[in-house]
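Asker:
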Amino acid sequence: MIRDIVLPAALLAVAQVTFCQPEDTGAKDPVVTAIPVAMYGRWGLVPNDCDPTRDDAKGLMKVSVAALTFYESRGLLEEIEEASPTRLDASFAFSGEGVTWERHIVLELDEDKGTLTRRETDPDAGPLELVYSRCE
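Residue numbers (our numbering): 98 to 233.
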């Protein structure tokens, strides 16, 4: 009789304690898989790049969730090394005019979110720093 009452009661108590424990989700910092939202949009090196009626906006850069689009090329986000709302350090796989290549790019948004700086330090590309203005 003790076995029929005590054992089930003990098992029930263990089960209740187990269910009441906080769930260990193993959650760490969220993994960033996209370009920061504040950087989305159209960015120009010169004012004419922002004119949507022009078809020669060679300094225009369009930033979306996972891509940088330029006049004759497009870079798809591959791997993020570091990201914050105003900075992205990542690798991109580019294609354009029948050629593909990889680039490591750092994008930094200024405090007023009106200027975006693009830096490349790849050996094939040489050092590059371009400052874009947000298109209205």
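All C-beta atoms, glycine included, are put in the ideal place defined by N, C-alpha and C. Just so you know, these numbers come straight off a predicted model, no measurement behind them.
May I ask you to report which of helix, strand or coil DSSP gives Val162?
Answerer: On the sequence shown, residue 162 is found 65 positions in, with the first residue counted as 1. Coil at Val162, not helix or strand.
Asker: Under a Cβ-count criterion, where at least 16 other Cβ atoms within 10 Å of its own Cβ denotes burial, should Glu226 be classed as buried or exposed?
Answerer: Locating residue 226 in the sequence shown gives position 129, counting from the first residue. Glu226 should be labelled exposed.
Asker: Exposed or buried, what is Gly141 when buried is set at 16 or more other beta-carbons lying within 10 Å of its beta-carbon?
Answerer: Here residue 141 refers to the residue found at position 44 when the sequence shown is read from its first residue. With 16 or more other Cβ atoms within 10 Å, it is buried.
Asker: So, using beta-carbon positions, are Ala131 and Val162 closer together than 8 angstroms?
Answerer: Walking along the sequence shown from the start, residue 131 turns up at place 34. Walking along the sequence shown from the start, residue 162 turns up at place 65. A contact, by the Cβ cut-off of 8 angstroms.
Asker: Use the C-beta contact count for Val160: other C-beta atoms within 10 angstroms, 16 or more gives buried, fewer gives exposed.
Answerer: Counted from its first residue, the sequence shown places residue 160 at position 63. Answer is buried; the Cβ neighbour count reaches 16.
Asker: Determine the direct distance from the alpha carbon of Thr197 to that of Glu176, and round the result to whole angstroms.
Answerer: Along the sequence shown, read from residue 1 onward, the residue named residue 176 stands at position 79. Along the sequence shown, read from residue 1 onward, the residue named residue 197 stands at position 100. Cα to Cα, Glu176 sits roughly 16 angstroms from Thr197.
Asker: Classify Gly223: buried if its beta carbon has 16 or more other beta carbons within 10 angstroms, exposed otherwise.
Answerer: By 1-based counting over the sequence shown, the position of residue 223 is 126. When all chains shown are included, Gly223 counts as exposed.
Asker: Can you name, in chain order, every residue of its own chain whose Cβ lies under 8 angstroms from the Cβ of Thr86, other than the five neighbours on each side?
Answerer: Since the first and last residues shown for the chain are 98 and 233, residue 86 lies out of range.
Asker: Chain D beta carbons: is any one of them nearer than 8 angstroms to that of Arg171?
Answerer: Any reference to chain D falls outside this structure, which holds one protein chain only.
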